[in-house]
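Numbered according to mature numbering (1 follows the signal peptide of the UniProt record, and there is no 0), the sequence shown spans residues -21 to -1, 1 to 985.
Glycine included, C-beta positions come from ideal geometry on N, C-alpha and C.
Down below is the structure, laid out as structure tokens.
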Amino acid sequence: MSLKKQFTFFITLAFCLQLFAQQTAVYTSDLANYQKALQLYNSQQYLASQNLFTQIKKESQDPNIQSNCAFYIANAAIRLNQQNADVLMERFVEDYPTSTKKNTAFVDVAEYYFVNGKYAYAQKWYAKVDESSLSRTDREGYNFNNGYASFVTKNYKDAKKYLTRVETSQKYGSQAKYYLGFMSYQGDDYDGANKYFEQVSDQEKYKEKLSYFQADLNFKLGKFEKAIQLAEPKLETSDRNEVSELNKIIGESYFNLEQYDKAIPYLTEYKGKKGKWSNTDYYQIGYAYYKQKEYDKAISEFNKIVSADNSVAQNAYYHLGESYVNVGKKQEALNAFRNASQMDYDLKIQEDAWLNYAKISYQIGNAYQSVPQVLNTYLEKYPETEYKDEIETLLIDSYITSKNYKEALVLLKNKNSFESKVAYQKVAFYRGLELFNESKYQDAEAMFDNSLKEQQDQKFTARAIFWKAETDYNLTNYDDALIGFKQFAQHSEANVTTEYQNLDYNIAYTYFKQKNYDQSTTYFNQFIQKNATDKVRLNDAYLRLADGYFVSSSYNKAIAAYDQAMQVGTIESDYAYFQKAMSYGYIGKQDTQTSQLEQFIAKYPKSKLRDDAMYALGNSYVKAGLDDKAIGIYTQLKKEYRTSPFTSKGQLRQGLVYYNANQNQQALTVFKAVAKDYPNTPEANQAVSTARLIYIDLGQVDQYATWVKTLDFVEVTNADLDNATYQAAEIQYLDENVNSAIKQFNGYLNQFPSGLHATQAHFYLAQLYFKKDLKSNAKPHYAYVVTQTQSEFSEEALLRLSQIQLDNNNWTEAIPTLQRLETEANFPQNSLFAQSNLMQANYQLDNYDQAVAYAEKVLAKNNLDNKVRSDAYVIIARSAIKTNDMAKARTAYTQVETFATGETAAEALYYNAYFKNKDGLYAESNTVTQRLAKDYSGYKYYGAKGLVIMAKNFYALGDAFQATYILESVIKNFSNFEDVKTEAQTQLNLIKAEEAKTNSSVITED
């Protein structure tokens, strides 16, 4: 080798040696740092090791070192719970797919999560492991850990798969069998669970745990004695939760062995799941008490089963019903049996529940549906029942006792048995009475006719005849009424009825309305002779007797009868006094009449007849030649009663006094005032006629003609035609030729719209239309009359017009009409009509203060009809409710309950229950709601509201079943009453939310 080549070789060799030395130094340095990082990792300084591994990975050129660093960086991230740990591990696997640490990484990470109790994470990484690459020992650990992780996360399918692989393992076998047994137990595979548990029962560490499971397994396998034998010894040594469960096992075992006395103490010691009992738990303890005849305790457990619908609930509700019956609580029993009857899990229990529900409904009433409907439904559902005869007997009687006559008629419609026909006759009669009391006379008469079609019970036949006649009387069909009363009098059963006592009174009034005063007085006298106790009717009979004598010109008898009326009572005493005074005048005792009238005016300053008396006194003075006194009283009459129909008459009389005294100018002044102030009245027409005579006497005919032209109501040239046309129509009216009279009065008004007799024509035409029930036709004619100057037609026109307005619910329109009627009425009954309807109208328009004021006016009157009195108290009560014056409402409804019938009575009973609930008198409140259900079942609205009160009462009394069942029934059965349904739903939600705190079976609204 040449020197040059040798030099070059050595130079190259030196460079290579230098380069190798440098690489070795770097590798040695990397290895040292790697060992240091590994040492940090093994000493659990994960963050420090991770940082160093990261640095080494960046600087190292060795693929193996880089792979290992990536592995430990990801592993440290997992142990540090870093968010990107999974990503780092996935990246390691992806970047180094051939790494020998790949499978180890999966196992390592999975075991880390397993040891730290993060079983779901462990499962995720175990799923990545290649099981075939594991050693036998590692594979057993992998299978057990994977199985256990699946068990903990309740993935029992995988748990069984992996644990079954190691059930024969020396290391893991016992644990695997325990968990496999537990999974079989959870899956109701009790034989399988027993097989596994028996294999490990001799091992101390499982002995304690298995005691409960084995006891429960034997219980579930129906080996109740064995379950008790295993469970009882463990009560002393088990923890609190397990003691509760053991008590349940022992109690249920005794329960299933029908040893209820032994079951009770254990069942009561059970604490429930998470502190809550289920409906089944309540059933078992309730049934155990029931079998021991401890019914109150049974009820307290059964009634905690709420809103349930299954075989356990049906059984519980049936026995709850029987428990209630045994302690005398029939309303509660009705609800329990009703609920059980609506479930079909056990058909025998359902039928027995139906029977009990039907019988109790008959005994106490039913707010959900009518009693006849319940009994009918039972017979339809169980036509072959052995109790058929008994239920059919109850059914027939229930049509009457249920008092829901409207619905009973529907149910009886197509029944043809004798008993059904008898029931129909009575129900139709009672329904007629209901309608009569509601003043629905046409409908009432139809019902009485229906009753009379089935003359099975002669007493009811007689009563129906009477009330049909009474209805005809109220419809002003006096001829038919009289025939009916006479027919009743001749009936063989009449004298055993309550109606018979007042028959003479009714007949007398009918004759009176027919203006047959001779017959009227005969029957009034008969009534008076027989009745000394009914002071109200006796007082009235004397008044009408006296009126009959008066219009028949038997004035002495009239005076005696008016005296008798005033002695018996205070009803219309002012009227009797006035009529008596007038009678003295008609028998020529002018001085007595005058003094009596003077006394009347002083004695009765508020009488509706005071203006009548003033006018009559003025006339009496005229007859006595006391012109100055006459003029004075006529002037006083005008001053005090400007709207009285007697004011125009008095002014005319005053003018005539002047005329007769030849004081022509004073007479003309008065006559002109009458014509001006009271146009279109008979007084105005007479004033014009008399003024005409004065002008003729004075020779001032031209002045008369000038004056007359200023009067719109006088058509001098047509006066004869006007009178003739009117009189032709009036004749038809008096002869009761209704259609002809209507035609001719309309013809008169078309020809003479402002005629001399326009007011009378409008009034009679209105009366004719009203009688034909053409009230819309009558209305404008009555309206015309009341807008004219007050006359003898005004009061009747105001009455009829207000009736039409009220019938159409035109409250705003009716009020001014009624106010005028109240002010202007001469007849007390018309004043009372006005006031009672003013209270109604103001209430409808939310004028509660005015409504109450009128109600109090009504109540201030003596001898009120009970219906009117009841209506007045109802208005006060309802107004008080609207204005939240509960004390006043309470007092008023108490009065209503005393007098009311029908729906008003139902309303009063509801508020009785309502206020008792507010006072905390829950049992008393329920007693009232039961009365409401039994006696007023036809009034569904108040029945439904009463049920809501009943539910509140029961919940306050600790009976959750009754409360929830009633509310659910209201929501289901009374959806047409939206306000009641809403209240029931709100209350139900509150109760369920409260019950869910202790009953795991209760599902609440979200």
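Fully enclosed by the region 821 to 863, which alpha helix (DSSP H) runs are 4 residues long or longer? 827 to 838 and 845 to 861
So, helix, strand or coil for Ser81, using DSSP? Residue identity check: residue 81 is Lys in the sequence provided, not Ser. Lys81: helix per DSSP, three-state reduction.
What does a CB cutoff of less than 8 Å around Gln2 pick up in its chain, not counting 5 residues either side in sequence? Confidence at Gln2 is low in this model, with a pLDDT of 45, below 50, so the placement of that residue should be treated as unreliable; the coordinate-derived value is given next. Correct list: empty, nothing qualifies.
Which residue marks the beginning of the alpha helix (DSSP H) containing Asn335, and which one marks its end? Leu326 to Ile343
Enclosing alpha helix (DSSP H) for Asp74 [first to last residue]: Ala64 to Asp74
Among the residues of its own chain, which have a CB less than 8 Å from the CB of Thr476, if the five just before and after it don't count? Lys438, Ala441, Arg442 and Phe445
DSSP three-state assignment for Lys438, whether helix, strand or coil: helix
Find the nearest neighbour of Leu576 within the set Phe557, Ser586 and Gln321, judged by alpha-carbon distance. Phe557
My assumption, with CB atoms under 8 Å, is that Gln435 sits in contact with Val401. Please give the rounded CB distance. 4 Å
Can you tell me which of Asn383, Tyr921 and Leu390 puts its alpha carbon nearest to the alpha carbon of Gly411? Asn383
Since Phe529 is in the alpha helix (DSSP H), which residue starts that stretch and which ends it? Lys514 to Val530
What three-state label does DSSP hand Lys252 in the structure shown? Of the three classes helix, strand and coil, the one that applies to Lys252 here is strand, per DSSP.
Less than 8 Å between CB atoms is the rule here; does Gln644 satisfy it with respect to chain D? Given the protein chain composition of this structure (a single chain), no chain D is represented.
Taking the alpha-carbon of Tyr554 as reference, which of Thr571, Tyr918, Gln769 and Leu522 has the nearest alpha-carbon? Leu522
Where DSSP assigns a beta bridge to Asn978, which residues make up the other side? Trp256
What's the call for Val306, buried or exposed, on a 16-neighbour Cβ count within 10 Å? exposed
Ranges of the alpha helix (DSSP H) found wholly within the region 401 to 436, counting only runs of at least 4: 420 to 431
Quick one: using the 10 Å Cβ neighbour count with 16 as the cut-off for buried, is Leu334 buried or exposed? buried
Can you give the Cα-Cα distance for Asn47 and Lys80, rounded to whole angstroms? 8 Å
Can we count Lys895 as close to the ligand SAH, meaning its CB is less than 7 Å from some heavy atom? Ligands are entirely absent from the displayed structure, and the ligand SAH is therefore not among its contents.
Hey, Leu159 and Tyr175 are a contact pair by Cβ (cut 8 Å); roughly how many whole angstroms apart? 5 Å
Can you tell me where the alpha helix (DSSP H) with Ser279 in it begins and where it stops? Run containing Ser279: Tyr274 to Phe281, per the alpha helix (DSSP H) assignment.
State the Cα-Cα distance for the pair Tyr620 and Ser586, rounded to the nearest angstrom. Cα-Cα distance, rounded: 12 Å.
Taking the straight line between their C-alpha atoms, what separation do you get for Leu811 and Ile580? 22 Å
Are the CB atoms of Ala520 and Phe506 within a distance shorter than 8 Å? yes
Check whether the region 320 to 329 and the region 917 to 932 touch, using three or more Cβ-Cβ pairs below 8 Å as the test. no
Straight-line gap, Lys447 to Arg632 (C-alpha atoms, nearest Å): Just so you know, the alpha carbons of Lys447 and Arg632 end up roughly 48 Å apart.
Taking Ala128 and Ala101 to be in contact with their CB atoms under 8 Å, please state how far apart those CB atoms are, rounded to whole angstroms. 5 Å
Local conformation of His736 per DSSP, three classes: coil
If contact is defined by three or more beta carbon pairs under 8 Å, each pair taking one atom from either stretch, is the region 53 to 67 in contact with the region 35 to 44? Taking a contact to require three or more Cβ pairs closer than 8 Å, the region 35 to 44 and the region 53 to 67 do not qualify as touching.
Assuming Gln263 contacts Glu221 under a Cβ cut-off of 8 Å, what Cβ separation, rounded to an integer in Å, is found between them? That belief does not hold up - the Cβ atoms of Gln263 and Glu221 are roughly 20 Å apart, past 8 Å.
Taking a contact to mean a Cβ-Cβ separation below 8 Å, would you say Tyr303 touches Ala312 in this structure? yes
Look at Ser849 and Phe878 and say whether their C-beta atoms are less than 8 Å apart. yes
Who are the near neighbours of Phe731 in its chain, counting only those whose CB is closer than 6 Å to its CB and skipping five residues on each side? Asp701
Pick from Lys913, Phe956 and Lys931 that is closest to Ser904, judged by C-alpha positions: Lys931
Residues near Phe241 in its chain [Cβ-Cβ closer than 6 Å; skip 5 each side]: The sequence shown places Lys at residue 241, not Phe. So the list reads Tyr233, once near-sequence residues are dropped.
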